[in-house]
């Protein structure tokens with residue numbers, strides 16, 4: 023798919039900003055929730071939240087350097103988003119399992135879109151600059 027260079031730069035900037043925002047929210051929120059976790063589900067959700075935060079930062083890094091690690095890191099980001107989103111509604115919010123599944127599907131859709139943007143916009147720009 024051909025993307026105009028100007029559009030690619032805008033998409034790359036937005037993708038990096040969104041990933042940095044998710045990294046901050048994931049790491050800060052997960053670390054804050056870990057001591058408050060009283061059940062195994064809450065603990066697993068907090069760890070998954072930290073995972074997607076760390077993987078968001080590593081996704082940016084592997085888009086620029088260390089590309090051989092990009093795919094596993096991106097899958098880690100997606101898995102963390104799905105697990106954290108799906109579990110949060112159930113273990114912290116007291117919602118039904120159906121709501122948790124719906125939140126997990128939404129997490130999958132959002133993380134897949136961000137990984138696609140990363141691959142379509144950021145990685146081609148990083149290849150040109152190096």
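In our numbering, the protein residues as written are 23 to 152. Cβ atoms here follow ideal geometry from the backbone N, Cα and C, with glycine treated the same way.
Starting from residue 25, follow the alpha helix (DSSP H) in both directions and report where the run begins and ends. Here residue 25 is taken as the residue at index 3 of the chain shown, counted from 1. Run containing residue 25: none; DSSP gives neither H nor E here.
Rounded separation between residue 88 and residue 129 - CA only: Counting from one through the chain shown, the residue named residue 88 turns up at place 66. Counting from one through the chain shown, the residue named residue 129 turns up at place 107. Each residue's Cα considered, the two are about 26 Å apart.
Any idea what DSSP makes of residue 54, helix, strand or coil? The residue labelled residue 54 in the question sits at position 32 within the chain shown. Looking at residue 54 - three-state DSSP - the assignment turns out to be helix.
Just to confirm before moving on: does the CB-CB distance between residue 132 and residue 85 stay below 9 Å? For the purposes of this step, residue 132 is taken as residue 110 along the chain shown, with counting starting at 1. For the purposes of this step, residue 85 is taken as residue 63 along the chain shown, with counting starting at 1. Not a contact, by the Cβ cut-off of 9 Å.
Roughly how many angstroms lie between the CA atoms of residue 79 and residue 106, to the nearest whole one? As a position in the chain shown, residue 79 is number 57, starting the count at 1. As a position in the chain shown, residue 106 is number 84, starting the count at 1. Using only the alpha carbons, I get a separation of about 17 Å.
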